[in-house]
Amino acid sequence: MNRILALLFPPKCVFCQKLLKENEEHICDGCKKSLKYCGAPYAAKKPYYEKAYAAFHYSGAARSAILRYKFYGFKSYADYFAGEMADIWENAGIKADLIVSPPSSRIKVFKKGYDHAFLLAKRVSEKTGVPAGKALFKTRRTKPMYGLAPAERRANVSDSIGFKGDVSNKTVLIVDDILTTGATASECARTLKNNGAKEVYVLAATAKK
Ligand SMILES: [Zn+2]
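Here's what the structure looks like:
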């Protein structure tokens with residue numbers, strides 16, 4: 000079955016979309032050489048989380064790839080991005096008890112057929128062994144963050160996130176696709192801390208700096 004699928008849909012590079020050679024997985028050798036990892040922990044201004052990590056800068060080929068993943072049905076990219084994210088998390092050397100993702104709009108998830116942030120969370124969970132759960136949910140509708148100024152982003156998500164479960168005294172990792180101003184991640188962290196979480200970290204596939 001996999002061979003038939005591979006014939007019908009030959010795997011292409013996540014970044015440049017060229018057909019992959021037999022020895023290449025997820026990305027081509029050319030893109031592998033020119034990858035720009037995000038490197039150092041990403042610091043937002045006074046967020047409720049301790050630190051944020053990201054695999055790639057939100058620019059160039061990584062930006063195009065994460066947008067294809069988020070909006071255009073390239074669901075299979077989750078595996079590649081989660082692999083890079085899991086490596087970064089393991090290098091950070093922090094022990095998390097639980098992985099969560101910012102809540103997505105149910106209508107959008109239904110239309111798209113997958114929850115982009117939670118799918119990444121599940122894949123990172125499989126690779127790191129840290130359990131993932133849908134602990135956060137939306138308590139009201141929010142506008143799309145795209146095009147909003149930082150203050151508008153904060154207002155848009157303020158008090159919009161609810162929590163179910165038990166995180167008391169736990170270290171929680173929020174997994175997301177794109178970290179922009181950190182407003183959503185910070186609001187998620189605030190909710191988690193109000194519910195007793197000890198520490199909250201963020202791990203994104205891409206981040207603006
Ligand atoms: Zn490539």
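Position 130, counted from 1, in the sequence shown is what numbering that gives the first Met the number 0 calls 129; the numbers after and before it change by one each time, with no gaps.
No residue lacks a Cβ here, since even glycine has one placed at the ideal position from N, Cα and C.
Model, not experiment: these values are computed from the prediction.
Close Cβ partners of residue i (< 8 Å) along its chain, the five nearest in sequence each way excluded
i, result
"V99", "A120, A131, G132, K133, A134, L135, V171, L172, I173, V174, C187, L191"
"A51", "P40, Y41, A42, A43, L178, G181, A184, Y200, V201, L202, A203, A206"
"G72", "K111, G112"
Residue i and residue j closer than 8 Å at C-beta
i, j, result
"D176", "A206", "no"
"S157", "K137", "no"
"F13", "A91", "As written in the sequence, residue 13 is Val, which differs from the Phe given in the question. No, Cβ-Cβ distance for V13 and A91 is not below 8 Å."
"R189", "Y47", "yes"
"A81", "C15", "no"
"E49", "E151", "no"
Sequence-distant residues of its chain with Cβ nearer than 6 Å to residue i (five each side left out)
i, result
"K35", "H56"
"V210", "Shown here, the chain extends from 0 to 208; a query on residue 210 therefore has no answer."
"R67", "F73"
"L118", "A77"
"E83", "A54"
Sequence-distant residues of the same chain with beta carbon closer than 7 Å to residue i, five excluded per side
i, result
"C37", "A53, A54, F55, H56, A206"
"P10", "L19"
"I127", "Here residue 127 turns out to be Thr, not Ile, going by the sequence shown. A85, W88, E89."
"K17", "K11, C27"
"S75", "none"
Rounded C-alpha distance that separates residue i from residue j
i, j, result
"Y113", "D78", "14 Å"
"A85", "A95", "12 Å"
"G29", "F109", "36 Å"
"A116", "A154", "21 Å"
"D215", "N193", "Residue 215 lies beyond the stretch modelled for the chain, which goes from 0 to 208, so this question has no answer here."
Three-way DSSP call (helix, strand, coil) for residue i in this model
i, result
"D158", "coil"
"K50", "strand"
For residue j and residue i, believed in contact at Cβ under 8 Å, the rounded distance
i, j, result
"K169", "A196", "6 Å"
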